[in-house]
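Novice:
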């Protein structure tokens with residue numbers, strides 16, 4: 006099967022123009038088919054502050070009231086998505102930026118209240134495989150902002166990690182998918198204080214052992230549980246590491262690679 | 006040739022949620038292929054005010070400094086584009102929203118200074134016909150926000166009337182194109198104070214006569230000159246009138262239709 010990279014970048018790259026530029030040049034150089042997924046970093050928070058709209062976070066997730074939804078739609082689907090696409094075009098990578106409403110590409114539902122009311126937060130129901138496939142067939146790289154919709158005229162703020170994972174899973178029937186999570190650390194660390202303690206390859210058995218021995222720090226557990234879930238749903242491998250080291254990351258030379266046993 | 010409607014809406018519809026909703030439902034009901042082009046109305050100005058970024062207009066055009074470009078990108082390509090697409094999806098009209106950078110769909114250059122420095126304002130060079138055509142071939146309606154790019158990593162604020170016209174011209178080789186300008190008046194008026202004085206059909210000879218007799222008010226002249234230019238570049242007809250009367254407008258039952266002699 007043909008290779009496909011689904012690459013998610015986080016706030017550490019998006020908030021830093023120079024890093025973003027380095028990353029996008031490396032992204033453009035990947036010869037295989039590729040999809041970029043992004044959230045919005047601190048820019049939505051900063052815009053909300055300037056507009057005097059108080060922001061609430063709960064376990065790293067933004068509580069999205071109507072005004073906040075407007076802000077994240079402007080910042081994620083508008084500003085960040087378009088500066089990324091314009092820069093990719095300038096380095097000869099044909100890209101199309103969109104959100105989950107466009108082409109009905111990602112259908113979600115408003116998250117049920119379970120103690121916390123996350124407001125207009127979406128949980129993904131369905132990825133429109135054929136929309137992604139026909140863009141990829143034309144060598145167009147989709148650039149997906151983390152806004153989805155429910156098909157009933159409601160946009161929804163949606164976790165970018167989840168979007169990347171759902172796209173990766175849905176396209177794994179047609180491609181050999183590598184799901185790449187760029188974040189601020191060099192990979193999964195044996196010692197959270199030591200950037201040199203990257204675990205190069207993490208298999209399920211070893212992960213369970215590390216979790217049992219409390220060697221994996223708490224923040225990584227949902228990320229890794231999701232990674233193993235993606236693997237068990239057909240994704241070929243998940244790679245976690247520094248987005249700005251993209252060319253080494255996708256070969257497994259840096260970062261942590263998660264594979265089947 | 007197959008029919009195609011290229012429909013531009015202005016601030017009077019975009020700034021009014023109820024009118025926008027009426028318009029979008031009517032747009033969704035058009036059975037022929039269709040493209041929607043929109044600017045941003047007063048929302049960009051309002052956001053700029055809240056953020057304390059002074060706005061300057063010159064002859065109805067916004068002078069776009071770097072901060073203003075960021076705002077119009079957020080508002081036009083982000084918020085407005087996405088609420089339109091989400092609403093179209095909810096009425097079963099498959100739409101994809103984008104700006105000129107996406108798919109390299111509209112290439113422009115930064116307007117030369119000629120007395121006035123318009124800042125990051127773009128003049129259109131090229132429309133990527135094949136991108137529009139393959140969306141239309143899949144019965145996807147493109148929703149185009151009035152932001153373009155220069156291919157060298159610069160987004161540009163671009164007049165939505167011009168974008169609609171350039172798209173209409175470029176697709177007139179493949180489709181029988183009707184270019185529809187929705188605006189706040191019922192059509193081209195013989196008496197600007199009288200909404201009932203709509204000229205139903207305006208041909209070039211009659212237009213020249215009206216211009217000579219100063220029967221056409223000043224603000225309409227660039228719009229009409231552009232309309233006749235579109236006609237002479239292969240567009241089948243241009244219709245000008247109230248966007249919210251869309252179903253009557255596209256049949257020519259209301260508004261002013263501009264055709265070849």
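Protein chains in written order, with this note's numbering: chain Z, 6 to 266; chain S, 6 to 266.
By construction, the Cβ of each residue, glycine as well, lies at the ideal position given by its N, Cα and C atoms.
Fair warning: this is a prediction, and the values are worked out from it, not measured in the lab.
#1: Can you name, in chain order, every residue of its own chain whose Cβ lies under 6 Å from the Cβ of residue 171 of chain Z, other than the five neighbours on each side?
#2: Looking at the structure shown, is residue 131 of chain Z part of a helix, part of a strand, or coil, going by DSSP?
#3: Helix, strand or coil for residue 16 of chain Z? Go by DSSP, reduced to three states.
#4: Taking residue 166 of chain Z as the reference, give the member of Z:65, Z:9, Z:36, Z:22 with the closest Cα.
#5: Among the residues of its own chain, which have a CB less than 8 Å from the CB of residue 239 of chain Z, if the five just before and after it don't count?
#6: Below 8 Å on the Cβ atoms is my guess for residue 233 of chain S versus residue 212 of chain S; work out the distance and round it to an integer in Å.
#7: Should residue 237 of chain Z be flagged as near chain S, meaning a C-beta pair shorter than 9 Å?
#8: For a cutoff of 9 Å on Cβ pairs, would you count residue 175 of chain S as touching chain Z?
#9: Does the beta-carbon of residue 242 of chain Z have 16 or more other beta-carbons within 10 angstroms, so that it is buried, or is it exposed?
#10: For residue 192 of chain S and residue 256 of chain S, which I take to be in contact (beta-carbon distance under 8 Å), what is that distance rounded to the nearest angstrom?
#11: Between S:109, S:237, S:198, S:126, which has its C-alpha nearest residue 117 of chain S's C-alpha?
#12: Note down the Cα distance separating residue 106 of chain Z from residue 159 of chain Z, rounded to an integer number of angstroms.
#13: Here's the rule: buried if 16 or more other CB atoms are within 10 angstroms of the residue's CB, otherwise exposed. What is residue 31 of chain S?
#14: Considering only residues of the region 102–186 of chain S, which uninterrupted alpha helix (DSSP H) runs meet the minimum length of 4 residues and lie entirely inside it, listed in chain order?
#15: How many whole angstroms separate the CB atoms of residue 27 of chain Z and residue 249 of chain Z, which I take to be in contact at a CB cut-off of 8 Å?
#16: Got a sec, what are the start and stop residues for the beta strand (DSSP E) residue 210 of chain Z sits in?
#17: Given that residue 32 of chain Z touches chain S, what residues does it touch there, using C-beta distances under 8 Å?
#18: Taking residue 6 of chain S as part of the alpha helix (DSSP H), name the residues at either end of that continuous run.
#19: Between the region 60–88 of chain Z and chain S, which residues of the former have a C-beta closer than 8 Å to a C-beta of the latter?
#20: Let me check understanding here. Comparing Cα to Cα, which of Z:201, Z:25, Z:6 lies closest to residue 13 of chain Z?
#21: Is the Cβ of residue 154 of chain S closer than 9 Å to any Cβ of chain Z?
#22: Any beta carbon from chain S within less than 9 Å of residue 92 of chain Z's own beta carbon?
#23: Specify, as a first and last residue, the run of the alpha helix (DSSP H) that residue 251 of chain S falls within.
#24: Taking only beta-carbon atoms, is residue 180 of chain Z less than 9 Å away from chain S?
#25: When DSSP labels each residue in this structure, what does residue 242 of chain Z get in the three-state scheme?
#26: Thinking residue 146 of chain S and residue 93 of chain S are a contact (beta carbons under 8 Å), I'd like their distance in whole angstroms, please.
#27: Mind the definition here: the region 198–206 of chain S touches the region 148–156 of chain S only if three or more C-beta pairs lie below 8 Å; say whether that holds.
#28: So, helix, strand or coil for residue 78 of chain S, using DSSP?
#29: Which residue marks the beginning of the alpha helix (DSSP H) containing residue 48 of chain Z, and which one marks its end?
#30: Mind checking residue 80 of chain Z: buried by the 16 CB within 10 Å criterion, or exposed?
#31: By alpha-carbon positions, which one of Z:42, Z:71, Z:34, Z:78 ends up nearest to residue 48 of chain Z?
#32: Is residue 34 of chain S helix, strand or coil by DSSP?
#33: Are the beta-carbon atoms belonging to residue 85 of chain Z and residue 45 of chain Z less than 9 Å from one another?
#34: May I ask which residues mark the beginning and end of the beta strand (DSSP E) holding residue 87 of chain S?
#35: Please classify residue 27 of chain Z: does DSSP put it in a helix, a strand, or coil?
Specialist: This is what the structure gives:
#1: 129, 132
#2: strand
#3: helix
#4: Out of Z:65, Z:9, Z:36, Z:22, Z:65 has the C-alpha closest to the C-alpha of residue 166 of chain Z.
#5: 174, 177, 178, 182
#6: 7 Å
#7: no
#8: Taking Cβ atoms only, chain Z never reaches closer than 9 Å to residue 175 of chain S, which makes this a no.
#9: buried
#10: Their Cβ separation, rounded to whole angstroms, is 13 Å, which puts residue 192 of chain S and residue 256 of chain S out of contact at 8 Å.
#11: Nearest C-alpha to residue 117 of chain S: S:126.
#12: If you take the alpha carbons of residue 106 of chain Z and residue 159 of chain Z, they lie about 9 Å apart.
#13: buried
#14: 134–142, 165–176
#15: A Cβ-Cβ distance of about 5 Å is found for the pair residue 27 of chain Z and residue 249 of chain Z, placing them in contact under the 8 Å criterion.
#16: That residue, residue 210 of chain Z, is in no beta strand (DSSP E); its alpha helix (DSSP H) goes 209–217.
#17: Those do not exist, as residue 32 of chain Z stays about 14 Å from chain S at its closest Cβ, beyond 8 Å.
#18: Here residue 6 of chain S belongs to no alpha helix (DSSP H), and DSSP marks it neither H nor E.
#19: Residues passing the 8 Å Cβ filter: 75, 78, 79, 80, 81, 82, 83, 84, 86, 87, 88.
#20: It is Z:25.
#21: yes
#22: yes
#23: 251–256
#24: For residue 180 of chain Z, the answer is no, since every Cβ of chain S falls outside 9 Å of its Cβ.
#25: Taken through DSSP and simplified to helix, strand or coil, residue 242 of chain Z comes out as strand.
#26: 7 Å
#27: Touching, no, given that fewer than three Cβ pairs across the two stretches are closer than 8 Å.
#28: helix
#29: 48–55
#30: buried
#31: For the residues Z:42, Z:71, Z:34, Z:78, the minimum Cα distance to residue 48 of chain Z belongs to Z:78.
#32: helix
#33: yes
#34: Per DSSP, residue 87 of chain S belongs to no beta strand (DSSP E); it is in the alpha helix (DSSP H), 86–95.
#35: helix
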